[in-house]
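Notes for the one structure printed next.
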Amino acid sequence: MKKRISVSDLRPGMFLDGLDATWYKSPFVKTRFEITGNDQIKKIKDADIAFVFIDTDRGLDVLSTEETLISKTTALDNDVSQSPPGPVKESEPAAPKPAPRPQPTLEEYIKKKESLFQIDRSSIISGSFVDFTLYGKSHMNIDSLVEYKGKDIQVNETAFVNYCELMIKPEDIPRYKAYIKDAAKAVGGSQETKHMLVKENARMCIKELFDNPHSDENVQQSKEVTEGIINAILESKGLITNLLTINKKDFYTYSHSVNLSVLSVATAVSSGVTSDSELFAIGMGCLLHDIGKTTIPPEIMAKPVGKLTRFEMDIFKEHVAEGYNILKLYKGISEATSHPLLEHHEKISGTGYPNGLSGAKMHTSGKIAALVDLYDILTTSRPGYKGMSAFEALSHLRSLSVDYDPDVLKEFIKILGKTTL
Ligand SMILES: [Fe+2]
Ligand SMILES: [Fe+2]
Numbered sequence: 169m170k171k172r173i174s175v176s177d178l179r180p181g182m183f184l185d186g187l188d189a190t191w192y193k194s195p196f197v198k199t200r201f202e203i204t205g206n207d208q209i210k211k212i213k214d215a216d217i218a219f220v221f222i223d224t225d226r227g228l229d230v231l232s233t234e235e236t237l238i239s240k241t242t243a244l245d246n247d248v249s250q251s252p253p254g255p256v257k258e259s260e261p262a263a264p265k266p267a268p269r270p271q272p273t274l275e276e277y278i279k280k281k282e283s284l285f286q287i288d289r290s291s292i293i294s295g296s297f298v299d300f301t302l303y304g305k306s307h308m309n310i311d312s313l314v315e316y317k318g319k320d321i322q323v324n325e326t327a328f329v330n331y332c333e334l335m336i337k338p339e340d341i342p343r344y345k346a347y348i349k350d351a352a353k354a355v356g357g358s359q360e361t362k363h364m365l366v367k368e369n370a371r372m373c374i375k376e377l378f379d380n381p382h383s384d385e386n387v388q389q390s391k392e393v394t395e396g397i398i399n400a401i402l403e404s405k406g407l408i409t410n411l412l413t414i415n416k417k418d419f420y421t422y423s424h425s426v427n428l429s430v431l432s433v434a435t436a437v438s439s440g441v442t443s444d445s446e447l448f449a450i451g452m453g454c455l456l457h458d459i460g461k462t463t464i465p466p467e468i469m470a471k472p473v474g475k476l477t478r479f480e481m482d483i484f485k486e487h488v489a490e491g492y493n494i495l496k497l498y499k500g501i502s503e504a505t506s507h508p509l510l511e512h513h514e515k516i517s518g519t520g521y522p523n524g525l526s527g528a529k530m531h532t533s534g535k536i537a538a539l540v541d542l543y544d545i546l547t548t549s550r551p552g553y554k555g556m557s558a559f560e561a562l563s564h565l566r567s568l569s570v571d572y573d574p575d576v577l578k579e580f581i582k583i584l585g586k587t588t589l
């Protein structure tokens with residue numbers, strides 16, 4: 169399990185799974201390895217990095233409070249052993265250890281996890297009231313933390329401390345969206361929280377659109393989401409960390425679509441695009457770029473692309489044309505919105521699909537979408553694939569300069585340089 173921890177909690181034996189810092193701050197070429205000595209921890213501290221990610225499946229976990237107390241007590245005991253002996257206290261009988269909790273079977277765990285929808289942990293504000301049930305995931309256990317029974321419940325952060333992921337039932341998404349809207353009004357000044365709420369709302373709206381791509385209401389919501397993303401990027405001058413889904417243990421088409429939209433608009437702004445209509449076309453086109461996947465058979469979508477047969481791959485590639493067919497049905501959408509959708513699998517070398525367009529024939533928004541799409545896919549972990557670090561993905565993209573526009577890459581690197589990944 170991937171965990172974000174303070175550098176002060178790092179210890180040898182842990183498996184480092186990335187740094188929570190701009191990639192250029194990294195004191196290492198690779199940011200995924202087992203911590204074998206305190207010298208590596210010192211290098212991270214010296215680089216002024218406060219938080220890192222660890223993978224507890226591949227190395228040690230953070231000491232629990234109990235373990236910390238024990239280790240502190242042991243340290244104290246050791247200290248005491250150096251000092252003159254005092255009066256001997258009668259030792260108290262040790263409290264019985266709680267029985268280990270039975271683990272669910274893998275099947276039970278997958279079934280439960282797939283029946284729920286993951287939300288951003290920081291979107292639930294301590295002290296606020298919710299009108300939906302909240303679930304928490306810790307390792308393979310999924311527990312109901314706050315059970316809604318028709319009466320709003322006040323949430324307390326302490327109930328979540330031991331859970332790395334929060335989830336809700338899919339039928340509670342409309343209530344959660346309403347909660348986010350109210351929270352956005354209530355939090356006022358904090359840009360970080362506002363951005364996180366813009367992103368959460370965007371993710372929910374994209375899920376609803378993918379569930380029902382022909383609903384006028386869902387299309388209208390996507391337009392509002394695009395405007396929200398553009399405003400947030402312009403206001404923050406490219407600081408977009410909280411608009412992205414960075415903890416990407418789970419691969420969701422919805423998060424991918426929002427990330428693509430955020431990163432593409434930010435890259436376009438950095439490249440000098442100022443026209444509202446152009447930014448809207450890029451943002452909306454990227455949000456909808458994979459909408460055609462809703463028409464592809466689920467058994468093909470469930471397979472990793474590398475495992476598809478030639479025939480299945482041909483069907484998969486149809487998601488671009490199918491997406492364009494859906495987009496054409498939407499009212500009030502300019503032709504420019506279709507460029508990111510139609511060109512996100514093209515390559516400037518002319519070897520992409522569906523049309524094998526060369527760089528000269530591709531639109532700038534298509535070139536941006538193609539590069540950002542690959543970046544987000546490379547950095548996203550999914551079953552059977554461990555996502556690359558931002559640094560590794562950028563090195564990989566640099567090596568593909570025949571396929572992806574180097575000028576776009578330059579602007580994209582500027583954006584990531586401002587972003588904590
Ligand atoms: Fe795609
Ligand atoms: Fe995509």
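Residues in the sequence shown are numbered consecutively from 169, following the numbering used here.
From the three backbone atoms N, C-alpha and C, an ideal C-beta is built for every residue, glycine too.
These numbers come from a predicted model, not from an experiment.
Simplified DSSP assignment, three categories, for residue i
i	result
L178	coil
Q250	Bear in mind that the predicted position of Q250 carries a pLDDT of just 36, short of 50, making it too unreliable to give a figure here.
E514	coil
D575	helix
G500	coil
M469	helix
G186	strand
L407	coil
Q322	strand
R269	coil
A334	Here residue 334 is Leu; the residue named in the question, Ala, does not match the sequence. Strand.
S526	strand
Y521	coil
I341	helix
V298	strand
I464	coil
I583	helix
I292	coil
K170	strand
Cβ-Cβ distance between residue i and residue j below 8 Å
i	j	result
G491	L476	no
L284	M335	yes
S127	G453	Because residue 127 is not part of the residues shown, which for the chain are 169 to 589, the question remains open.
L184	T199	yes
T224	M308	no
L228	R179	yes
S312	T301	yes
F484	I494	no
A561	L546	yes
S549	L455	no
Y344	G304	no
V430	L411	yes
M182	I212	no
S438	G406	yes
F378	T421	yes
S306	L365	no
N427	D350	no
Residue i Cβ short of 7 Å to ligand 3 heavy atom set
i	result
H424	For ligand 3, the structure offers nothing, since it holds only ligand 1 and ligand 2.
Residue range of the unbroken alpha helix (DSSP H) whose run includes residue i
i	result
L313	Counting along the chain, L313 falls outside any alpha helix (DSSP H), though it belongs to the beta strand (DSSP E) covering N309 to V314.
I374	Q359 to D379
Q388	D384 to S404
I536	T532 to L546
F423	Before going further, note that residue 423 is Ser rather than Phe in the sequence given. T421 to S438 is the extent of the alpha helix (DSSP H) around S423.
G555	Looking at the DSSP string, G555 is not in any alpha helix (DSSP H), and its letter there is neither H nor E.
E446	D444 to L455
K602	Given a span of 169 to 589 for the chain in the structure shown, any question on residue 602 remains unanswerable.
Integer-rounded CB distance, given that residue j should sit under 8 Å from residue i
i	j	result
L187	I217	5 Å
Q271	E333	Contact doesn't hold; Cβ gap of about 17 Å is too wide.
E514	L497	That pair is no contact at about 23 Å.
H512	A537	4 Å
I341	K319	Not really, about 20 Å apart at Cβ, beyond 8 Å.
F219	I278	F219 to I278, Cβ: 30 Å. No contact.
D571	T519	7 Å
A470	T505	About 29 Å; that fails the 8 Å criterion.
Test: residue i CB closer than 8 Å to a CB of chain C
i	result
I321	Looking for chain C here will not work: only one protein chain is present.
First and last residue of the uninterrupted beta strand (DSSP E) at residue i
i	result
Y277	Run containing Y277: none in the beta strand (DSSP E); it sits in the alpha helix (DSSP H), L274 to E282.
R226	No beta strand (DSSP E) contains R226, which DSSP labels as neither H nor E.
Q286	F285 to I287
R550	It is not in any beta strand (DSSP E) - R550 carries neither H nor E in the DSSP assignment.
L302	L302 to S306
F640	Outside the shown range of the chain, which is 169 to 589, sits residue 640, and nothing can be said about it.
Stretch pair the region 478-497 + the region 444-463: three plus CB contacts closer than 8 Å: Yes: at least three Cβ pairs fall under 8 Å.
Say whether the region 386-397 touches the region 358-376, bearing in mind that this needs 3 or more beta-carbon pairs closer than 8 Å, one atom from each stretch. Judged by Cβ distances under 8 Å, the region 386-397 makes contact with the region 358-376, as three or more pairs qualify.
Across the region 567-581 and the region 431-441, are there enough close Cβ pairs to call them in contact, namely three or more that are closer than 8 Å? Segments in contact, yes.
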